[in-house]
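Novice: I have a structure I would like to understand better, so I am pasting it below and will then ask my questions one at a time.
Residue numbers (this note's numbering): 931 to 1098.
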């Protein structure tokens, strides 16, 4: 029953985000072999739980974390035209936090701390470190969730190895 209480509270905090028509578009974007919507909500939920456990402003962190990957186009296969440093800046890992922040500001009322959570969640790829503890929570949780998705949900190592070996 305790878990349901947390789910209900989280849903109350971010309900306007996860039901918003623009945010719902994340369901159509692949992310680590899973959906970007599911990834974003998972990062929001687990950031909320960590922040709540640590006695932090869990509502603000839940909202910033849920919006951390609010970019609306698939990055796989996107052609990069820049050269040198400009090409690096075009790469998804470096560029999507800014896009996510622009979308979050366009559709939702976010504060300065939430903006920091969104734009710096890819640290150390984004060279400026997070400016507040909530941003560090989101950064760590995002990496944990992404690793879990890659290792346990997407890769299914034995199945993929067998598939690759049968094609060889």
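Even for Gly, the Cβ is constructed at its ideal location relative to N, Cα and C.
Remember, predicted model here, so these are calculated numbers, not experimental data.
Assign residue 978 to one of two classes, buried (16 or more other C-beta atoms within 10 Å of its C-beta) or exposed (fewer than that).
Specialist: The residue is buried, with at least 16 neighbouring Cβ atoms inside 10 Å.
Novice: Count the other CB atoms, across all protein chains shown, that sit within 10 Å of the CB of residue 1006; report buried if there are 16 or more and exposed otherwise.
Specialist: Reliability of the predicted coordinates at residue 1006 is poor, the pLDDT of 48 falling under 50, and no value is obtained from them.
Novice: Report the CB separation of residue 1000 from residue 975 in whole angstroms; it is logged as a contact under 8 Å.
Specialist: The Cβ separation is near 16 Å, so there is no contact.
Novice: How many Å lie between residue 998 and residue 955 at the Cα?
Specialist: Computed Cα separation, rounded: 15 Å.
Novice: Please state whether DSSP places residue 974 in a helix, a strand or coil.
Specialist: Of the three classes helix, strand and coil, the one that applies to residue 974 here is helix, per DSSP.
Novice: Please classify residue 937 as buried or exposed, where buried requires at least 16 neighbouring CB atoms within 10 angstroms.
Specialist: It counts as exposed.
Novice: Counting only the same chain and skipping the five closest in sequence on each side, list residues whose C-beta sits under 6 Å from that of residue 1002.
Specialist: Here the set comprises 955.
Novice: Buried or exposed: where does residue 994 fall if 16 or more other Cβ atoms within 10 Å of its Cβ makes it buried?
Specialist: The residue in question, residue 994, is buried, as its Cβ has 16 or more Cβ neighbours within 10 Å.
Novice: Quick check: what's the CA-CA separation for residue 991 versus residue 1073?
Specialist: Answer to the nearest angstrom: the Cα atoms are 16 Å apart.
Novice: Give me, in chain order, the residues of the same chain whose beta-carbon lies closer than 7 Å to that of residue 1046; leave out the 5 immediate sequence neighbours on both sides.
Specialist: If we look at residue 1046 and ignore the five residues flanking it on each side, its Cβ neighbours are 1060, 1061, 1062 and 1065.
Novice: Which whole-angstrom value describes the C-beta separation of residue 914 and residue 944, a residue pair presumed to lie in contact below a C-beta threshold of 8 Å?
Specialist: The chain is shown from 931 up to 1098; residue 914 falls before or after that span and cannot be answered.
Novice: Along the alpha helix (DSSP H) that carries residue 1046, what are the first and last residues, could you check?
Specialist: Segment 1042–1049, the alpha helix (DSSP H) holding residue 1046.
Novice: Alpha carbon to alpha carbon, how far is residue 948 from residue 1050?
Specialist: Residue 948 and residue 1050: Cα-Cα distance of roughly 21 Å.
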